[in-house]
Amino acid sequence: MYSDVVKDHFKNPRNVGEMENADGVGEVGNPVCGDMMKIQIKVKDDRIEDIKFLTFGCGAAIAVSSMLTEMVKGKTLEEAKKIRNKDVAAALEGLPKNKLHCSNLGADALQIAIKDYEDRLAGKPKPEETMRGKTGHDHTHDDGKCYCPYCDAELPEKGAGPVCKNCGQPVEIEHEVPA
Amino acid sequence: MTVINLDYLSANPIAPSVQEAMIEVIRGNNGNPSSAHQLGDQALAVLDKARDSVARLVNAADPKEIVFTSGGTESINQAVKGVAWAKADKGKHIVTSNIEHNAVLRTLRRLRMWDYQVTSVPVDALGRVNPADVADAIREDTILVSIMHANNEIGTIQPIKEIGEIVREKKVIFHCDAVVSVGVVPVDVQDLKVDLLSFAANQFYGPSGVGGLYIRRGTGLWPLLDGGVQENNKRAGTENLIGIAGLGAAADLAMERMEARVAHNLKIKKHLVAGLNEKIPDIYINGHPELSVPNLVSVSIRYIEGEGVVLMLDEESIAAATRSACAAGALQASHVLLSIGRDFADAQGTLVLTFGEEIGEADIDRTLEVLAEVVRTLRNMSPLYRKVMKERAAG
Numbered sequence: 004m005y006s007d008v009v010k011d012h013f014k015n016p017r018n019v020g021e022m023e024n025a026d027g028v029g030e031v032g033n034p035v036c037g038d039m040m041k042i043q044i045k046v047k048d049d050r051i052e053d054i055k056f057l058t059f060g061c062g063a064a065i066a067v068s069s070m071l072t073e074m075v076k077g078k079t080l081e082e083a084k085k086i087r088n089k090d091v092a093a094a095l096e097g098l099p100k101n102k103l104h105c106s107n108l109g110a111d112a113l114q115i116a117i118k119d120y121e122d123r124l125a126g127k128p129k130p131e132e133t134m135r136g137k138t139g140h141d142h143t144h145d146d147g148k149c150y151c152p153y154c155d156a157e158l159p160e161k162g163a164g165p166v167c168k169n170c171g172q173p174v175e176i177e178h179e180v181p182a
Numbered sequence: 032m033t034v035i036n037l038d039y040l041s042a043n044p045i046a047p048s049v050q051e052a053m054i055e056v057i058r059g060n061n062g063n064p065s066s067a068h069q070l071g072d073q074a075l076a077v078l079d080k081a082r083d084s085v086a087r088l089v090n091a092a093d094p095k096e097i098v099f100t101s102g103g104t105e106s107i108n109q110a111v112k113g114v115a116w117a118k119a120d121k122g123k124h125i126v127t128s129n130i131e132h133n134a135v136l137r138t139l140r141r142l143r144m145w146d147y148q149v150t151s152v153p154v155d156a157l158g159r160v161n162p163a164d165v166a167d168a169i170r171e172d173t174i175l176v177s178i179m180h181a182n183n184e185i186g187t188i189q190p191i192k193e194i195g196e197i198v199r200e201k202k203v204i205f206h207c208d209a210v211v212s213v214g215v216v217p218v219d220v221q222d223l224k225v226d227l228l229s230f231a232a233n234q235f236y237g238p239s240g241v242g243g244l245y246i247r248r249g250t251g252l253w254p255l256l257d258g259g260v261q262e263n264n265k266r267a268g269t270e271n272l273i274g275i276a277g278l279g280a281a282a283d284l285a286m287e288r289m290e291a292r293v294a295h296n297l298k299i300k301k302h303l304v305a306g307l308n309e310k311i312p313d314i315y316i317n318g319h320p321e322l323s324v325p326n327l328v329s330v331s332i333r334y335i336e337g338e339g340v341v342l343m344l345d346e347e348s349i350a351a352a353t354r355s356a357c358a359a360g361a362l363q364a365s366h367v368l369l370s371i372g373r374d375f376a377d378a379q380g381t382l383v384l385t386f387g388e389e390i391g392e393a394d395i396d397r398t399l400e401v402l403a404e405v406v407r408t409l410r411n412m413s414p415l416y417r418k419v420m421k422e423r424a425a426g
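From first to last, the protein sequence lines stand for chains A and B.
Taken in order, the first sequence gives residues 4 to 182; the numbers are from our numbering.
Taken in order, the second sequence gives residues 32 to 426; the numbers are from our numbering.
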């Protein structure tokens with residue numbers, strides 16, 4: 004099911020843990036899927052000098068966290084900001100389709116950690132902890148539309164379900180789209 | 032290293048006597064039971080023998096009440112859709128429970144497309160349905176009640192006999208999904224007062240891809256598959272003779288070994304539950320402590336996610352299953368675990384450990400040792416666990 008790279012990062016995750024006096028912290032979680040991730044960064048001369056993660060989640064979520072920290076370590080903030088979910092998934096030599104949402108979590112946590120660092124520099128107050136909304140289907144297209152997690156067909160905003168009209172697989176009706 | 036298989040629910044090993052029965056069919060002439068010549072007669076004899084064995088296993092009044100299928104999922108689809116179609120003129124209301132297998136729940140969801148209505152009764156914290164709730168849910172237009180015997184995630188056994196009496200009195204058809212229990216504990220269709228009962232061979236040392244449906248004589252339902260006249264017009268398609276021979280042999284073996292298997296499994300279950308409670312802090316053992324199948328332990332390991340546990344156990348050649356949303360691919364927490372009151376996070380860390388006669392206490396001891404270490408590793412990287420530990424330290 005998983006690529007060898009995913010398995011390696013799952014078995015030997017890099018940069019696990021917490022750090023004292025982090026410069027930026029990003030926490031994301033999805034109580035429905037159940038994954039939660041915390042990323043801490045140490046920044047020196049606009050570079051990510053050190054990074055640590057904690058993850059509550061499946062094998063893919065742990066591998067994504069580990070790979071992300073490796074990709075980011077030593078990068079400038081500007082470079083790190085350009086890292087997208089698909090870059091992490093590509094570095095892992097792909098993830099099963101129903102695991103792609105795990106990679107979203109990693110990049111999101113990183114961007115929040117960077118923003119937290121920049122906000123602290125600018126003296127802004129810490130924003131509320133981010134909790135993504137619950138979804139019964141796929142939002143990985145990043146265009147705000149809803150897609151069937153099984154066949155990728157676009158779902159109507161209202162009146163989707165009880166099954167996808169295209170492939171007949173069950174889709175949830177009630178959902179809140181993540182902000 | 033030999034794999035310690037604690038995932039019997041996915042598929043039991045195929046017992047030697049079952050293998051022999053199947054090989055005998057493979058090596059013999061591959062006749063078609065519908066043929067009017069002697070090769071057909073030989074095949075028909077295999078089919079009839081297996082039907083007798085299965086009828087004995089579930090105590091059907093007549094072997095003709097057994098229809099062979101491709102397994103539990105087909106049996107359930109046949110039972111539920113077959114009744115829904117046949118009784119549409121009488122009504123379109125179906126009663127079920129909140130903790131049914133997806134084969135039932137998704138079939139019912141599909142039927143909603145054709146205006147069928149479903150009432151789902153809740154379960155208590157141990158996963159038991161209250162028969163009075165079923166009685167209350169039955170309406171004038173109710174055509175079917177479908178309640179499972181033993182649950183596949185927590186093992187709890189439902190009061191099927193009490194429900195069966197209520198449903199029969201109200202003259203509604205009663206289907207019972209007994210995939211988890213047939214061949215594992217005694218199941219008697221006449222005592223349970225069911226009209227339809229689904230089962231699968233791979234839950235009692237038979238092959239995967241074959242199972243059956245008990246259809247009490249006189250129960251009206253339309254076939255799921257249209258075609259030839261096989262299985263007394265109830266299931267079209269040339270029979271899976273090799274699989275059915277295996278199912279029959281597995282049924283014979285289950286009758287013979289039932290008492291010994293139950294005693295062995297209960298001993299292993301007790302040992303496993305005691306070991307989990309002793310070695311791993313912050314867990315819940317799910318399901319009813321007594322009214323449950325003897326070969327299943329469901330444990331929610333708090334603050335971690337189950338798929339990671341399964342992958343790490345696999346590294347140590349221990350096969351286990353999880354009910355976490357991530358592993359299921361459904362991206363949703365288990366409806367069974369939520370129904371018995373587990374929260375989303377605890378549902379995520381749930382393992383289902385299932386076993387049989389081949390698993391001994393030494394296998395359980397090794398599993399517990401490895402599992403305790405895996406749990407420590409995963410909790411060490413869990414933000415939830417660290418948060419809880421900090422809160423506890425702060426008092």
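For every residue, glycine included, the Cβ atom is placed at its ideal position computed from N, Cα and C.
As the structure is a computational prediction, the values presented were derived from the model and not from experiment.
At a beta-carbon threshold of 8 angstroms, none of the residues of chain B lie near residue 74/A; the nearest stands roughly 18 angstroms away. Assigned with DSSP and collapsed to three states, residue 124/B falls in strand.
Among the residues of chain B, none has a CB under 8 angstroms from the CB of residue 47/A; the nearest is roughly 25 angstroms distant.
When C-alpha distances from residue 172/A are compared across 112/B, 136/B, 171/B, the shortest belongs to 136/B. With 16 or more neighbouring CB atoms inside 10 Å of its own CB, residue 66/A falls in the buried class.
For residue 288/B, no pairing in a beta bridge is given by DSSP.
Annotation: residue 149/A has no Cβ neighbours in chain B at a cutoff of 7 angstroms; minimum Cβ distance is about 14 angstroms. The beta-bridge partner set that DSSP reports for residue 181/B consists of 188/B.
Taking C-beta atoms as the reference points, residue 106/B and residue 243/B count as a pair closer than 8 angstroms. Counting C-beta atoms within 10 angstroms of its own C-beta, residue 97/B has 16 or more neighbours from the protein chains shown and is therefore classed as buried.
Interface annotation, residue 44/A: not in contact with chain B, CB-CB separation never under 8 angstroms.
Look at the stretch 59 to 114 of chain B and you find these whole runs of alpha helix (DSSP H), each 4 residues long or longer: 69 to 89. The residues 70, 71, 73, 74, in chain order, have a CB closer than 6 angstroms to that of residue 62/B in the same chain once the five nearest residues on each side in sequence are set aside. Here residue 286/B is not near residue 415/B, since their CB atoms are 8 angstroms or more apart.
Our two residues, residue 110/A and residue 89/A, have alpha carbons roughly 9 angstroms apart in a direct line. Counted as a single uninterrupted DSSP element, the alpha helix (DSSP H) harbouring residue 72/A occupies residues 62 to 75. With respect to chain B, the C-beta atom of residue 65/A has a partner C-beta closer than 8 angstroms. Taking C-alpha positions only, residue 116/B is separated from residue 253/B by approximately 6 angstroms. Proximity of residue 334/B to chain A, defined by a Cβ-Cβ separation below 8 angstroms, is satisfied. In summary, residue 30/A is buried, with 16 or more beta-carbon neighbours lying within 10 Å of its beta-carbon over all protein chains present. Bounds of the alpha helix (DSSP H) holding residue 167/B are 162 to 168. Taken through DSSP and simplified to helix, strand or coil, residue 58/A comes out as strand.
Residue 141/B has a beta carbon lying within less than 8 angstroms of a beta carbon in chain A.
For residue 402/B, DSSP assigns no beta-bridge partner whatsoever.
Counted as a single uninterrupted DSSP element, the beta strand (DSSP E) harbouring residue 331/B occupies residues 327 to 332. Residue 370/B and residue 238/B have their C-alpha atoms spaced approximately 32 angstroms apart.
Distance between residue 310/B and residue 296/B, taken at the CA atoms: about 21 angstroms. For residue 248/B, the secondary structure class from DSSP, reduced to helix, strand or coil, is coil. Among the bridge pairs identified by DSSP, residue 44/A is matched with 27/A, 54/A.
Counting along the chain, residue 13/A sits inside the alpha helix (DSSP H) bounded by residues 7 to 14. Looking at the DSSP output, residue 157/A bridges to 150/A.
The closest CA to that of residue 375/B, considering only 6/A, 21/A, 12/A, 32/A, is found on 32/A. At a cut-off of 8 angstroms between beta-carbon atoms, residue 39/A makes contact with chain B.
Residues of chain A whose Cβ lies closer than 8 angstroms to the Cβ of residue 346/B are, in chain order, 14. CA-CA distance, residue 278/B to residue 151/A, rounds to 38 angstroms. In the three-state scheme derived from DSSP, where H, G and I count as helix and E and B as strand, residue 120/A is classed as helix.
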